[in-house]
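Have a look at the structure below before the remarks.
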Amino acid sequence: MADYTRITLDESEIPSQWYNIVPDLPEPPPPVLHPGTHEPVGPDDLSPLFPMALIGQEVSTERYIDIPGPVMDVYKTWRATPLHRARALEKYLDTPARIYYKYEGGSPAGSHKPNTSIPQAYYNAQEGVKKLTTETGAGQWGSALALATSLFGLECEVWMVAASFEQKPYRKTMMEVWGATVHSSPSDVTEAGRKIGAENPDSPGSLGIAISEAVEAAVGDPDTKYALGSVLNHVLLHQTVIGEEALLQLAKIDEKPDLLVGCTGGGSNFAGLSFPFLREKLAGRMNPTIRCVEPAACPSLTRGEYRYDFGDMIGMTPLVKMHTLGHSFVPDPIHAGGLRYHGMAPLVSHIYELGLTEAEAIHQTECFEAAVIFARTEGILPAPEPTHAIAEAIREAKRAKETGEETVILIAVCGHGHFDLTAYESYLAGNLVDYDYPAEKVAAAMEQVPVIA
Ligand SMILES: *Cc1c(COP(=O)(O)O)cnc(C)c1O
5 MADYTRITLD
15 ESEIPSQWYN
25 IVPDLPEPPP
35 PVLHPGTHEP
45 VGPDDLSPLF
55 PMALIGQEVS
65 TERYIDIPGP
75 VMDVYKTWRA
85 TPLHRARALE
95 KYLDTPARIY
105 YKYEGGSPAG
115 SHKPNTSIPQ
125 AYYNAQEGVK
135 KLTTETGAGQ
145 WGSALALATS
155 LFGLECEVWM
165 VAASFEQKPY
175 RKTMMEVWGA
185 TVHSSPSDVT
195 EAGRKIGAEN
205 PDSPGSLGIA
215 ISEAVEAAVG
225 DPDTKYALGS
235 VLNHVLLHQT
245 VIGEEALLQL
255 AKIDEKPDLL
265 VGCTGGGSNF
275 AGLSFPFLRE
285 KLAGRMNPTI
295 RCVEPAACPS
305 LTRGEYRYDF
315 GDMIGMTPLV
325 KMHTLGHSFV
335 PDPIHAGGLR
345 YHGMAPLVSH
355 IYELGLTEAE
365 AIHQTECFEA
375 AVIFARTEGI
385 LPAPEPTHAI
395 AEAIREAKRA
405 KETGEETVIL
415 IAVCGHGHFD
425 LTAYESYLAG
435 NLVDYDYPAE
445 KVAAAMEQVP
455 VIA
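Counting in the numbering used here, the sequence shown runs from 5 upward without gaps.
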């Protein structure tokens with residue numbers, strides 16, 4: 005084995021197509037349903053929200069989709085992202101496992117999110133849209149969309165979950181530098197926000213509420229559309245650049261992973277890394293175990309039900325079949341803000357139901373302990389979300405030490421944590437609390453999930 009620590013790609017080697025896993029699955033995913041009629045939605049139902057190019061990708065059965073030239077030009081400003089071998093971490097753990105991580109924190113917004121915000125802004129601009137609205141939890145998606153809209157000459161209006169708006173003022177400033185307007189959600193500029201604010205004046209907000217507000221603002225204006233940073237098929241599609249690059253990078257050093265791990269909030273960074281590897285697995289060219297890791301406080305895959313539910317809080321979006329904790333679920337204020345969503349991507353949920361992937365839930369103190377070890381060995385200070393993948397890699401590396409197996413582990417480190425230092429501060433001060441799955445709250449939320457005949 006050659007002695008690599010950081011594997012890169014030349015500009016000419018960067019993949020020029022996204023990979024759509026749908027045609028390779030043993031069963032097609034269930035259809036998206038209209039919230040009123042419960043019939044499968046057609047392109048016209050989605051056109052107030054999304055441009056036709058993205059609606060086409062949402063329902064596409066083409067295996068590969070070309071990345072447009074102007075999108076490639078922007079991708080190349082930070083892609084290919086490096087694949088690192090975590091030699092110092094391996095040494096610290098004294099493990100025979102070889103740990104690799106694909107690092108997405110070097111993008112201008114600091115996470116994997118620009119992989120999809122750039123093409124989303126591009127296709128909207130192509131179709132004459134003037135403004136995009138969106139929600140953001142921890143602020144990473146809002147930053148990524150603000151960046152992309154500024155590059156393609158669009159306006160951007162962001163509803164940021166109130167709890168994060170207060171905890172992370174600099175994410176807001178970052179969005180404003182890129183020209184976006186940012187509201188704390190629930191806000192008083194939408195009907196949905198006013199309604200929820202009246203019922204609960206101290207609401208910390210949630211992604212579900214912020215989505216309701218951003219969708220309402222888009223539907224009310226013909227020049228405005230809505231953009232989502234995770235969950236949808238076209239978002240997962242755009243993220244596959246991560247896995248396609250990682251496959252090429254591992255091939256360069258003649259490695260094949262035994263285990264792939266990604267954190268899952270809505271499922272996009274996990275899907276981005278794992279779907280190209282799942283293609284290889286389904287074709288019999290490799291056989292990695294593929295595992296999602298989610299917060300124990302927001303365990304949609306491991307504890308949620310697989311059923312049709314709304315994507316937002318007040319039931320404006322189409323119904324999608326997914327692992328859900330109920331659309332009215334408001335999670336506890338854990339620090340991995342990007343993982344606090346009530347549902348899981350329909351494609352990630354479907355693939356999990358097919359038994360092609362595994363899932364595990366980990367508490368936040370174990371994650372931050374892992375993050376500090378990672379920062380002190382590898383040097384990178386990770387975002388709270390990928391600390392879940394790092395914690396799982398450490399668990400596996402310790403297992404490998406016991407068995408003596410040279411397990412090859414590949415994880416997604418999907419963002420840096422430079423805006424999350426209050427979370428590190430509480431961890432270092434010993435103030436971080438673990439929340440368990442609030443079973444009663446979720447049971448109550450389940451009662452509001454529609455029953456589909
Ligand atoms: C948004 C975000 C997540 C959660 O979203 P996924 O769609 O599950 O990837 C995780 N990590 C980071 C760094 C994020 O910005």
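Every residue, glycine too, gets a C-beta built ideally from N, C-alpha and C.
Span of the beta strand (DSSP E) holding C371? Sequence index remark: in the sequence shown, residue 371 carries index 367 (1-based). First-last for C371: Q368 to E382, but that is the alpha helix (DSSP H), not the beta strand (DSSP E).
Within the chosen definition, does the segment 99–114 reach the segment 386–405 through at least 3 CB pairs nearer than 8 Å? yes
If distances are taken between C-alpha atoms only, which option among Y68, L29, T426 and V36 comes closest to T244? Within the sequence shown, the letter at position 240 stands for residue 244. Considering only alpha carbons, the answer is Y68.
Give me, in chain order, the residues of the same chain whose beta-carbon lies closer than 6 Å to that of M5; leave out the 5 immediate sequence neighbours on both sides. The sequence position of residue 5 within the sequence shown is 1, counting from 1. Only weak support is given to the placement of M5: the predicted model assigns it a pLDDT of 49, under 50, and the question is left unresolved by the model.
Is any non-hydrogen atom of ligand 2 found closer than 8 Å to the C-beta of K172, if you look at the structure I gave you? Although ligand 2 was asked about, the structure shown includes only ligand 1 as ligands.
Please give the ranges of any alpha helix (DSSP H) in the segment 111–156, keeping only runs that are unbroken, at least 4 residues long and fully inside the region. 118–130 and 144–155
On the three-pair Cβ rule with 8 Å, is the segment 202–221 touching the segment 173–192? yes
Look up V36 in the DSSP assignment and say whether it is helix, strand or coil. Position 32 of the sequence shown, counting from 1, holds the residue named residue 36. Three-state result, V36: coil.
Bridge partners - F314, DSSP secondary structure assignment: Stepping through the sequence shown from its first residue, residue 314 is reached at position 310. According to DSSP, F314 bridges with L323.
Span separating the alpha-carbon of I122 from that of V78: Residue numbering aside, residue 122 sits at position 118 when the sequence shown is read from its first letter. Residue numbering aside, residue 78 sits at position 74 when the sequence shown is read from its first letter. Cα to Cα, I122 sits roughly 8 Å from V78.
Between the Cα of L240 and the Cα atoms of M348, K229 and E180, which residue gives the shortest distance? Here residue 240 corresponds to residue number 236 of the sequence shown, with the count starting at 1. Measuring from the Cα of L240, the nearest candidate turns out to be M348.
Is the CB-CB distance between E435 and H242 below 9 Å? Residue numbering aside, residue 435 sits at position 431 when the sequence shown is read from its first letter. Residue numbering aside, residue 242 sits at position 238 when the sequence shown is read from its first letter. Per the sequence presented here, residue 435 reads as Asn, with Glu not at that position. Not closer than 9 Å, so no.
For the candidate residues H346, G315 and A401, whose alpha-carbon lies nearest to that of L4? Absent from the structure is residue 4, since the part of the chain shown begins at 5 and ends at 457.
Residue of V417, G141, G319 and L236 minimising C-alpha distance to S115: Working through the sequence shown from its first residue, we reach residue 115 at position 111. It is V417 whose Cα lies nearest to the Cα of S115.
Excluding the 5 residues flanking L251 on each side, which residues of the same chain have their C-beta closer than 8 Å to its C-beta? Numbered from its first residue, the sequence shown carries residue 251 at position 247. Hits under 8 Å: P280, F281 and E284.
Identity of the residue in A340, A379, G359 and R380 nearest A365 by Cα: Sequence index remark: in the sequence shown, residue 365 carries index 361 (1-based). Closest by alpha carbon: A340.
Could you tell me if M179 is buried or exposed, where buried requires 16 or more neighbouring beta carbons within 10 angstroms of its beta carbon? One-based indexing of the sequence shown puts residue 179 at position 175. So M179 ends up on the buried side.
Where V162 falls: helix, strand or coil (DSSP): As a working mapping, residue 162 is identified with position 158 in the sequence shown. Looking at V162 - three-state DSSP - the assignment turns out to be strand.
DSSP state of T361 mapped onto helix, strand, coil: Counting from one through the sequence shown, the residue named residue 361 turns up at place 357. Note: T361 maps to coil in three-state DSSP.
Pick out whichever of R344, V352 and E249 has its Cα sitting closest to the Cα of K325. Locating residue 325 in the sequence shown gives position 321, counting from the first residue. Nearest C-alpha to K325: V352.
Measuring alpha carbon to alpha carbon, tell me which of K176, Y127 and R175 ends up nearest A152. Here the question's residue 152 lines up with position 148 in the sequence shown. Per the Cα distances, Y127.
Is M5 helix, strand or coil when you go by DSSP? In the sequence shown, the residue the question calls residue 5 occupies position 1. Confidence at M5 is low in this model, with a pLDDT of 49, below 50, so its placement is unreliable and no value can be given for it.
Starting from L264 and walking both ways along the beta strand (DSSP E), at which residues does that stretch end? For the purposes of this step, residue 264 is taken as the residue at position 260 of the sequence shown. Per DSSP, L264 belongs to the beta strand (DSSP E) from L263 to C267.
Inter-residue CB distance, G183 and M164 (contact presumed, cutoff 8 Å): In the sequence shown, residue 183 corresponds to position 179, counting from 1. In the sequence shown, residue 164 corresponds to position 160, counting from 1. Not confirmed; about 15 Å, so no contact.
Secondary structure of K402, DSSP reduced to three states: As a working note, residue 402 is residue 398 in the sequence shown. Helix.
Proximity test, C267 beta-carbon vs ligand 1 heavy atom, cut-off 8 Å: If you number the sequence shown from 1, residue 267 lands on position 263. Remark: the C-beta of C267 is in contact range of ligand 1, defined as less than 8 Å to any heavy atom.
Note down, in chain order, each residue of its chain lying with its Cβ closer than 8 Å to the Cβ of A125, except the 5 sequence neighbours on either side. Here residue 125 refers to the residue found at position 121 when the sequence shown is read from its first residue. The answer, listed in chain order, is L136, L149, A152, T153, L155, F156, L158 and A231.
Looking only at its chain, what residues have a beta carbon closer than 7 Å to the beta carbon of V45, apart from the 5 residues adjacent to it on each side? Sequence index remark: in the sequence shown, residue 45 carries index 41 (1-based). Answer for V45: V36, L37, H38 and P322, listed in chain order.
Quick one, are the C-beta atoms of A375 and C296 less than 9 Å apart? Here residue 375 is taken as the residue at index 371 of the sequence shown, counted from 1. Here residue 296 is taken as the residue at index 292 of the sequence shown, counted from 1. Cβ atoms of A375 and C296: not closer than 9 Å.
Tell me which residues share the same chain as P100 and place their Cβ nearer than 8 Å to its Cβ, disregarding the 5 neighbours each side in the sequence. Counting from one through the sequence shown, the residue named residue 100 turns up at place 96. Around P100: A404, K405, G408, E409, E410 and T411.
Helix, strand or coil at T185 according to DSSP, with G and I counted as helix: Here residue 185 corresponds to residue number 181 of the sequence shown, with the count starting at 1. It is a strand residue.
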